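In UniProt numbering, the protein residues as written are 1 to 296. Inspection log for the structure reproduced underneath, given as structure tokens.
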Amino acid sequence: MSTPPAAATSPKSEKSPAKNTGKSPSKSPSKSPPQHAQVNVGDTGILEPTHWQQLAEEENAGDDAHSLSEESLASSTDSVSSSIFEYRKLHGRTYHREIGSSQYCEIEDCTQEWTFAPDSADYIHIRWLIGSIPDWYKFFREAYKTCKPGGWVESFEPSGIITSDDDTVKESSALGQWGKLFIEGAKKLGVSFSVYEEELQRKAMEAAGFVDIQQFEYKTPIGGWPKDPALKELGQFGKLAFLADPEGFVLFVANTIGWTESEIHVFLAHARREIHSGKHHPYYKQRVVWGRKPEE
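Take a look at the structure:
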């Protein structure tokens with residue numbers, strides 16, 4: 001019989017992670033938002049884009065000095081065929097084709113019925129499908145069907161919420177608003193960006209029939225603020241990834257809730273400033289859940 005995956009050895013955060021109880025860790029107590037947060041807020045909790053435009057101009061001073069140029073981050077494309085750039089475009093940004101042309105890459109739509117043979121996989125690894133799956137229960141039924149008896153399924157999913165333990169990430173800050181944009185945009189797309197909060201991994205795996213289900217939770221910092229050397233390095237990579245292309249994360253989803261390109265860029269300027277300031281200690285949570293298909 002297959003052995004459990006090695007996810008249980010995931011790096012620990014500075015604070016002890018939650019025990020394997022199946023419950024989400026408690027959130028830090030919230031404090032009253034700063035005065036400038038008192039603007040029009042709908043039922044979604046999302047601040048109006050005009051809020052970011054109305055903030056004092058000096059709060060954005062120096063943002064350009066910290067910006068990373070597209071040229072410094074992009075690899076050379078001199079030898080790339082022009083056909084690879086035939087993508088969809090939105091707000092001047094390109095998006096990948098729905099189906100590629102590579103004859104060596106097996107393409108499957110995991111939201112549809114899986115075409116893999118039943119009882120054919122010893123191990124199925126699932127990672128970062130947040131915002132992609134309309135029905136997680138159907139998804140894990142397909143995984144159960146494909147998994148061999150005695151085989152394992154492992155699922156990694158993050159929370160879309162950026163938070164802090166010391167209240168340095170306010171709900172009214174750009175980082176504090178980040179997850180709200182995705183949660184609301186995902187609703188309009190017919191998917192969930194609250195997989196972590198709703199504990200959908202474990203619930204759907206249990207409903208599908210998996211047994212011996214376990215889980216492990218940890219925090220992923222953004223920025224070099226942690227004291228632990230390993231987490232500090234992890235956070236520095238997270239900061240680089242965020243600052244290199246935040247537009248790649250948020251342009252599409254913010255467009256679904258009616259934000260214009262210019263409004264999105266103003267919001268992202270505030271998010272960049274908050275990360276660069278070093279005054280905020282942001283992180284997001286992740287959960288790995290694994291389970292076994294019973295022997296027949």
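Just so it is clear, CB atoms sit at the ideal spot from N, CA and C, and this is done for glycine as well. Bear in mind that the values here come from a model prediction, so they are computed numbers and not experimental data.
DSSP state of residue i mapped onto helix, strand, coil
i           : result
residue 216 : strand
residue 124 : strand
residue 262 : helix
residue 211 : strand
residue 295 : coil
residue 49  : helix
residue 11  : Unreliable placement is indicated for residue 11, whose pLDDT of 39 sits below 50; no coordinate value is reported for it.
residue 226 : coil
residue 233 : helix
residue 137 : helix
residue 250 : helix
residue 182 : helix
residue 168 : coil
residue 129 : coil
residue 201 : helix
residue 256 : helix
residue 277 : helix
residue 54  : helix
residue 176 : helix
residue 206 : helix
residue 142 : helix
residue 26  : Confidence at residue 26 is low in this model, with a pLDDT of 39, below 50, so the placement of that residue should be treated as unreliable; the coordinate-derived value is given next. Note: residue 26 maps to coil in three-state DSSP.
residue 238 : helix
residue 193 : coil
residue 267 : helix
Environment of residue i [buried if 16+ CB atoms lie within 10 Å]
i           : result
residue 262 : exposed
residue 210 : buried
residue 226 : buried
residue 254 : buried
residue 54  : exposed
residue 237 : exposed
residue 181 : buried
residue 240 : exposed
residue 170 : buried
residue 259 : buried
residue 47  : buried
residue 296 : exposed
residue 291 : buried
residue 112 : exposed
residue 293 : buried
residue 159 : buried
residue 233 : exposed
CB contact flag (residue i, residue j, <7 Å)
i           : j           : result
residue 52  : residue 270 : yes
residue 215 : residue 153 : no
residue 164 : residue 126 : no
residue 283 : residue 229 : no
residue 175 : residue 136 : no
residue 114 : residue 146 : yes
residue 251 : residue 264 : yes
residue 185 : residue 257 : yes
residue 203 : residue 285 : no
residue 272 : residue 196 : no
residue 140 : residue 205 : yes
residue 148 : residue 167 : no
residue 144 : residue 208 : yes
Whole-number beta carbon distance between residue j and residue i, since they are thought to touch under 8 Å
i           : j           : result
residue 274 : residue 173 : 6 Å
residue 246 : residue 231 : About 22 Å; that fails the 8 Å criterion.
residue 193 : residue 130 : 6 Å
residue 121 : residue 151 : 6 Å
residue 235 : residue 223 : 5 Å
Per DSSP, cross-strand counterpart(s) of residue i
i           : result
residue 152 : 123 and 292
residue 285 : 219
residue 163 : 283
residue 147 : 121
residue 157 : 287
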